[in-house]
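K.L.:
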Amino acid sequence: MKKEKFTVTGMTCSACSARVQRAVEKIAGTQAVNVNLLTNSMQLEYDEQLTDPAAIVAAVEGAGYGASCQGDGTAAVPQEKMADTQAVSLRRRLVWSVVFLLPVMAVSMHAMLFMVLGMPVPAGIAALLDGPENAVTFSFLQMLLVLPVMYLNRRFYIVGARTLLQGSPNMDTLVGMGSLAAALFGVFAIFRIGWGLGHGDMALVLEYSQNLYFESAGMIVTLITVGKYLEARAKGQTSRALEKLMDLAPKQAVVLRAGTEQLVPVEKLAVGDIVVVRPGERIPVDGVIVEGTTSVDESAISGESIPVEKGAGDSVVSATINKTGFIHFRAERIGEDTTISQIIRLVDEASASKAPIARLADKIAGVFVPAVIAIALAAGGIWLLLGASVEFAFSIAISILVISCPCALGLATPVAIMVGTGKGAEHGILIKSGEALELAQAIDTVVLDKTGTITEGKPRVVEIQPLGISAPELLAAAAGLEQGSEHPLAEAVVAYAREQGVHPVAMTEFAAVFGRGVQAKQGKETWLAGNAQFLMEQGVVLEGCQQRIDALADAGQTPLLFARGSQLVGIIGVADTEKPTSAEAIRRFKAMGIDVVMLTGDNARTAEAVRRRLDIPRVIAGVLPAHKEEHIAALQAAGHKVAMIGDGINDAPALARADVGIAIGAGTDIAIESADAVLVKNDLLAAVDAVRLSKAVIRNIRENLFWAFFYNVICIPLAAGVFYTAAGIKLSPVVGAAAMSLSSVCVCLNALRLRWFQPVVAGTGLGAAAEHRGIEEHKEEKEMKTTLKIEGMMCQHCQKHVNDALAKMDGVTSVTVDLEGGKAEVTASREIPREEFKTVIEAAGYELVD
1 MKKEKFTVTG MTCSACSARV QRAVEKIAGT QAVNVNLLTN SMQLEYDEQL TDPAAIVAAV
61 EGAGYGASCQ GDGTAAVPQE KMADTQAVSL RRRLVWSVVF LLPVMAVSMH AMLFMVLGMP
121 VPAGIAALLD GPENAVTFSF LQMLLVLPVM YLNRRFYIVG ARTLLQGSPN MDTLVGMGSL
181 AAALFGVFAI FRIGWGLGHG DMALVLEYSQ NLYFESAGMI VTLITVGKYL EARAKGQTSR
241 ALEKLMDLAP KQAVVLRAGT EQLVPVEKLA VGDIVVVRPG ERIPVDGVIV EGTTSVDESA
301 ISGESIPVEK GAGDSVVSAT INKTGFIHFR AERIGEDTTI SQIIRLVDEA SASKAPIARL
361 ADKIAGVFVP AVIAIALAAG GIWLLLGASV EFAFSIAISI LVISCPCALG LATPVAIMVG
421 TGKGAEHGIL IKSGEALELA QAIDTVVLDK TGTITEGKPR VVEIQPLGIS APELLAAAAG
481 LEQGSEHPLA EAVVAYAREQ GVHPVAMTEF AAVFGRGVQA KQGKETWLAG NAQFLMEQGV
541 VLEGCQQRID ALADAGQTPL LFARGSQLVG IIGVADTEKP TSAEAIRRFK AMGIDVVMLT
601 GDNARTAEAV RRRLDIPRVI AGVLPAHKEE HIAALQAAGH KVAMIGDGIN DAPALARADV
661 GIAIGAGTDI AIESADAVLV KNDLLAAVDA VRLSKAVIRN IRENLFWAFF YNVICIPLAA
721 GVFYTAAGIK LSPVVGAAAM SLSSVCVCLN ALRLRWFQPV VAGTGLGAAA EHRGIEEHKE
781 EKEMKTTLKI EGMMCQHCQK HVNDALAKMD GVTSVTVDLE GGKAEVTASR EIPREEFKTV
841 IEAAGYELVD
């Protein structure tokens with residue numbers, strides 16, 4: 001069996017992808033056919049003895065779509081570009097459809113328009129369009145104007161006819177049939193008007209001049225094109241996830257060959273190459289450190305917010321960030337075997353494997369279209385058998401098709417979805433597609449990432465336990481010890497001291513012990529800070545304190561120990577704290593009958609502490625990206641509808657695999673692009689609102705479909721002339737047009753009720769975000785900018801030292817360091833004396849020039 005990938009063009013909805021899949025599965029020798037609407041692609045395996053790519057392409061084309069084999073040497077079009085091109089094409093089609101439709105509407109409804117304005121029809125227009133003598137001009141002008149609209153949207157007629165002939169009618173069939181029937185009836189009316197004028201039958205002319213449906217023919221296809229355009233835009237935005245993932249890994253790497261450093265493309269790396277990575281650079285491939293020590297930000301892969309200390313013998317993975325040290329590592333896994341490449345593959349496969357959701361309107365169309373056609377043919381035939389004229393029978397059949405025009409049915413879903421997604425955006429919930437909105441209401445399990453989703457995503461001081469000294473004394477000493485460190489835990493201590501208004505104690509003779517702690521002197525006294533092992537090695541007695549340390553660890557905190565000489569003087573607990581609304585969001589999910597699972601790459605001890613505090617029913621800890629996706633798949637295999645909520649690159653495969661992926665807006669671009677919905681506010685309560693909004697929209701759609709069918713149930717029998725013989729009642733075309741319009745108005749008004757949807761917590765949407773931006777802009781007006789001339793900076797490492805030293809100053813909000821220009825731009829919320837800048841810069845080892 002050979003595995004092949006094809007590019008498929010022309011798919012616009014889940015029914016399209018399902019039709020392509022069925023067509024290819026009918027070919028002998030094909031198996032594991034997987035059509036991805038998101039990326040316009042198809043993967044499958046086939047027996048080369050039974051079929052070939054040409055036959056597969058022919059089957060796709062026979063189903064009404066385009067296809068090409070990506071392995072035939074043809075340059076593949078990037079999926080993002082393809083989706084954008086489709087959206088641009090639909091927008092152009094929509095604009096020109098409106099351009100021609102408006103004159104059709106103006107001509108057909110000119111009398112009503114002037115009546116609404118309280119004005120008589122101008123004499124020139126009346127002389128051209130009004131009266132039986134102008135009936136041909138009036139009707140023929142409408143036909144000429146609607147032809148461009150029908151030509152621009154010809155795909156509805158072509159695909160609709162093809163799917164009808166194949167026995168699988170869908171929404172395109174319904175739209176094409178309704179529009180074409182309206183246009184054909186208009187053409188028939190022109191012939192009858194001509195016959196009436198030629199024979200002096202003015203009553204016939206008047207009857208048919210009021211019985212034109214050209215504007216309906218154009219309106220139907222134009223309205224449905226609006227929905228198609230919005231879908232194409234959503235698909236184009238979503239398809240960027242894979243490209244952004246690919247951009248994470250560096251395109252080039254520095255390797256040591258023959259004792260010299262060489263810059264080579266990453267694809268040229270070989271297993272065993274020694275790769276050089278400097279501070280601030282991304283690691284290009286997976287490997288093992290052979291020289292140097294550093295801390296690595298692995299949040300992209302593991303989700304852990306605290307960088308991991310690494311030394312010789314430790315492994316490093318692609319797309320993670322080398323924070324502080326200069327390292328050499330040996331490449332172990334390259335190309336498609338790297339961790340980031342596996343994540344890319346998982347995202348691609350997960351998005352492709354989502355079961356296509358048959359749209360409710362398409363399901364209805366599969367029954368409704370054949371039923372309407374059968375009723376029209378049966379009614380016409382019965383009237384012929386009853387002795388009616390061919391013209392009468394024909395008009396009955398056409399009236400049924402026209403009155404069944406799918407305006408209301410076609411509007412039932414897209415209008416509710418447009419209003420619902422708009423309301424969601426107003427409250428900071430960006431829902432990318434109708435499928436996501438439809439699926440969210442059905443979820444029964446929500447899986448939550450921990451770091452950055454349930455928690456804030458950065459360490460903070462949460463507990464201080466002084467031993468023999470006061471809390472302010474402990475905090476001042478701790479800040480003095482830690483202010484020279486770049487470790488996130490140290491930064492948390494310094495930031496907390498600044499918040500409490502505690503000034504760091506001045507210390508000298510700093511000495512850092514990599515991965516363990518730091519020591520310094522205050523006068524003649526030696527101070528120590530670090531983990532338990534480090535302090536015990538320095539002779540500090542920890543007897544009687546182990547229970548305190550274990551209690552902090554059990555609470556999910558990282559204990560930092562501080563000693564003066566050989567005496568332990570305090571413990572500070574640092575943790576990634578939960579967001580204020582996380583507990584309430586989890587409670588509300590459970591109240592809605594939704595199971596809650598926390599899925600995290602963090603250690604089991606920390607995860608268990610979070611579980612206890614937030615009363616989460618189930619926690620799965622220590623999970624790598626590939627395993628996160630596997631856990632989601634396992635839940636789905638057990639019959640659950642799963643929503644995944646996350647914020648990191650490591651969450652992307654799980655977000656793509658889930659029935660509904662929800663990304664925290666403050667998270668990474670990759671998570672946002674892989675998800676079906678994005679929460680602008682970094683708040684889990686917005687995810688609760690997303691589910692509530694989905695339920696409201698689906699309920700609204702069902703109500704809309706009821707109104708659409710209620711209209712048809714009433715009007716089709718009247719159009720068929722059921723009461724004509726007994727009561728002389730036959731549906732007037734004018735009444736039919738009014739009823740058709742009324743059904744659409746009812747659908748639109750019902751959808752507009754969604755505008756009354758209210759979120760769980762007010763002030764969490766885009767309006768609040770805009771207000772916050774206004775406050776921030778006002779604050780920026782008061783901030784002060786200072787330019788500093790600095791000497792002694794020689795490399796990027798120096799640049800980083802200066803940047804970090806200035807950024808830690810009280811009141812500093814932003815720093816930009818220009819290495820080549822030898823200067824720094826500092827923005828602060830207070831006026832900082834030059835002497836204070838000088839002290840900080842000199843402490844960092846550089847000189848401030850006057």
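If you use full-length UniProt numbering, the sequence shown corresponds to residues 1 to 850, in order. For every residue, glycine included, the Cβ atom is placed at its ideal position computed from N, Cα and C.
(1) Between the beta-carbon of residue 471 and the beta-carbon of residue 497, is there less than 9 Å?
(2) Rounded to whole angstroms, what is the Cα-Cα separation between residue 377 and residue 725?
(3) Once DSSP output is grouped into helix, strand and coil, what is the label at residue 87?
(4) For residue 559, which residues from the same chain have a beta carbon less than 7 Å from its beta carbon, with the 5 sequence-adjacent residues on both sides left out?
(5) Is it buried or exposed for residue 491, if we count other Cβ within 10 angstroms and need 16 for buried?
(6) Taking Cβ to Cβ, would you say residue 462 is nearer than 9 Å to residue 557?
(7) Work out the CA separation of residue 789 and residue 848 for me, nearest whole Å.
(8) Given that a residue counts as buried once 16 or more other Cβ atoms are within 10 Å of its Cβ, and exposed if not, what is residue 11?
(9) In whole angstroms, what separates the C-alpha of residue 226 from that of residue 94?
(10) Using the DSSP secondary-structure output, state which residues sit across from residue 190 in a beta bridge.
(11) Excluding five sequence neighbours on each side, which residues of the same chain lie with their C-beta closer than 8 Å to the C-beta of residue 562?
(12) Among residues of its own chain, excluding the 5 on either side of residue 338, which ones have a beta-carbon nearer than 6 Å to its beta-carbon?
(13) Using three-state DSSP, classify residue 297 as helix, strand or coil.
(14) If you run the structure through DSSP and keep just helix, strand and coil, what is residue 720?
(15) From this set, 316, 441 and 658, which residue's C-alpha is nearest residue 592's C-alpha?
(16) Please list the terminal residues of the continuous beta strand (DSSP E) segment that includes residue 791.
(17) Go ahead and label residue 151 buried or exposed: buried means 16 or more other beta carbons lie within 10 angstroms of its beta carbon, across all protein chains shown.
(18) Could you tell me the alpha carbon to alpha carbon distance between residue 295 and residue 660, rounded to whole angstroms?
(19) Please determine, among 700, 221 and 89, the residue with the shortest C-alpha to C-alpha distance to residue 154.
(20) Cβ atoms of residue 50 and residue 24: under 9 Å apart, would you say?
(21) According to the neighbour-count rule (16 or more other Cβ atoms, all chains shown, within 10 Å of its Cβ), is residue 503 buried or exposed?
(22) Which runs of the beta strand (DSSP E), 3 residues or longer, sit entirely within the UniProt domain "HMA" (784-849)?
(23) Taking a contact to mean a Cβ-Cβ separation below 9 Å, would you say residue 130 touches residue 111 in this structure?
(24) In the DSSP assignment, the alpha helix (DSSP H) including residue 128 goes from what residue to what residue?
(25) Is any beta-carbon of chain D found at less than 9 Å from that of residue 715?
(26) Tell whether a beta-carbon distance below 9 Å holds between residue 651 and residue 628.
(27) Closer than 6 Å by C-beta to residue 323: which residues in its own chain qualify, once you throw out the five before and the five after it? Chain order, please.
(28) Taking all protein chains shown into account, do 16 or more other C-beta atoms lie within 10 angstroms of the C-beta of residue 580, making it buried, or fewer, making it exposed?
(29) Are the stretch 746-760 and the stretch 689-707 in contact at 8 Å, needing three or more beta carbon pairs?
(30) Taking C-beta to C-beta, are residue 690 and residue 677 nearer than 9 Å?
(31) Across the stretch 188-196 and the stretch 122-141, are there enough close Cβ pairs to call them in contact, namely three or more that are closer than 8 Å?
(32) Going by beta carbon distance, what residues of the same chain come within less than 6 Å of residue 217, once the five residues before and after it are set aside?
(33) How about residue 851 and residue 316: do their beta carbons lie closer than 9 Å?
(34) Looking at the structure shown, is residue 460 part of a helix, part of a strand, or coil, going by DSSP?
(35) Based on the DSSP secondary-structure assignment, which residues constitute the bridge partners of residue 756?
(36) Quick one: what does DSSP say residue 524 is sitting in, helix, strand or coil?
P.N.:
Taking the coordinates as given:
(1) On the sequence shown, position 471 is the one that residue 471 refers to. On the sequence shown, position 497 is the one that residue 497 refers to. Contact flag unset, no.
(2) On the sequence shown, position 377 is the one that residue 377 refers to. On the sequence shown, position 725 is the one that residue 725 refers to. Roughly 19 Å between the two C-alpha positions.
(3) As a working mapping, residue 87 is identified with position 87 in the sequence shown. Residue 87: helix per DSSP, three-state reduction.
(4) On the sequence shown, position 559 is the one that residue 559 refers to. Hits under 7 Å: 549, 552, 553, 571 and 573.
(5) Translated into positions along the sequence shown, residue 491 becomes position 491. Residue 491 is buried by the Cβ-count criterion.
(6) Here residue 462 refers to the residue found at position 462 when the sequence shown is read from its first residue. Here residue 557 refers to the residue found at position 557 when the sequence shown is read from its first residue. Yes; because the gap between Cβ atoms is below 9 Å, this pair is in contact.
(7) As a position in the sequence shown, residue 848 is number 848, starting the count at 1. As a position in the sequence shown, residue 789 is number 789, starting the count at 1. Going by the C-alpha atoms only, they are around 6 Å apart.
(8) Taking the sequence shown and counting its residues from 1, the one referred to as residue 11 is at position 11. Classification for residue 11: buried.
(9) Locating residue 226 in the sequence shown gives position 226, where the first residue counts as 1. Locating residue 94 in the sequence shown gives position 94, where the first residue counts as 1. Each residue's alpha carbon lies about 7 Å from the other.
(10) The count along the sequence shown starts at 1 and reaches residue 190 at position 190. Answer is none; residue 190 lacks a bridge partner.
(11) Here residue 562 corresponds to residue number 562 of the sequence shown, with the count starting at 1. Around residue 562, the same chain offers 474, 477, 478, 481, 527, 528, 529, 568, 569, 570, 571 and 572 as residues with beta carbons nearer than 8 Å, after the five sequence neighbours per side are excluded.
(12) Residue 338 sits at position 338 when you count from the first residue of the sequence shown. Here the set comprises 285, 286 and 318.
(13) Taking the first residue of the sequence shown as position 1, residue 297 is located at position 297. The answer is strand: DSSP assigns residue 297 an E or B state.
(14) Indexing the sequence shown from 1 puts residue 720 at position 720. In the structure shown, residue 720 sits in coil (DSSP, three-state: anything other than H, G, I, E or B).
(15) Here residue 592 corresponds to residue number 592 of the sequence shown, with the count starting at 1. Minimum Cα distance to residue 592 is reached at 441.
(16) Translated into the one-based positions of the sequence shown, residue 791 becomes position 791. For residue 791, the enclosing beta strand (DSSP E) begins and ends at 784-791.
(17) By 1-based counting over the sequence shown, the position of residue 151 is 151. With fewer than 16 other Cβ atoms within 10 Å, it is exposed.
(18) Translated into the one-based positions of the sequence shown, residue 295 becomes position 295. Translated into the one-based positions of the sequence shown, residue 660 becomes position 660. Cα-Cα distance, rounded: 35 Å.
(19) By one-based count along the sequence shown, residue 154 stands at place 154. Closest option to residue 154, Cα to Cα, is 221.
(20) Here residue 24 refers to the residue found at position 24 when the sequence shown is read from its first residue. Here residue 50 refers to the residue found at position 50 when the sequence shown is read from its first residue. For residue 24 and residue 50, no; Cβs fall outside 9 Å.
(21) Indexing the sequence shown from 1 puts residue 503 at position 503. Its Cβ having fewer than 16 others within 10 Å, residue 503 is exposed.
(22) 784-791, 812-818, 823-828 and 847-849
(23) Your numbering for residue 130 matches position 130 in the sequence shown. Your numbering for residue 111 matches position 111 in the sequence shown. Yes.
(24) As a working note, residue 128 is residue 128 in the sequence shown. Looking at the DSSP string, the run of the alpha helix (DSSP H) that includes residue 128 is 123-129.
(25) You won't find chain D in this structure, because it holds only one protein chain.
(26) Position 651 of the sequence shown, counted from the start, is the residue given in the question as residue 651. Position 628 of the sequence shown, counted from the start, is the residue given in the question as residue 628. Yes, the Cβ-Cβ distance between residue 651 and residue 628 is below 9 Å.
(27) What you label residue 323 is simply residue 323 of the sequence shown in a count that begins at 1. Excluding residues within five positions, the ones whose Cβ falls inside 6 Å are 295, 297 and 307.
(28) Along the sequence shown, read from residue 1 onward, the residue named residue 580 stands at position 580. Classification of residue 580: exposed, given that the 10 Å Cβ count is below 16.
(29) yes
(30) Against the sequence shown, residue 690 aligns to sequence position 690. Against the sequence shown, residue 677 aligns to sequence position 677. Closer than 9 Å, so yes.
(31) yes
(32) The residue labelled residue 217 in the question sits at position 217 within the sequence shown. The residues are 146, 179, 182 and 183.
(33) In the structure as shown, the chain begins at 1 and stops at 850. Residue 851 is therefore absent and cannot be evaluated.
(34) Reading the sequence shown from its first residue, position 460 is the one you call residue 460. In this structure, residue 460 counts as strand in the three-state DSSP scheme.
(35) Against the sequence shown, residue 756 aligns to sequence position 756. For residue 756, which the question treats as bridged, DSSP gives no partner whatsoever.
(36) If you number the sequence shown from 1, residue 524 lands on position 524. The answer is coil: DSSP assigns residue 524 none of H, G, I, E or B.
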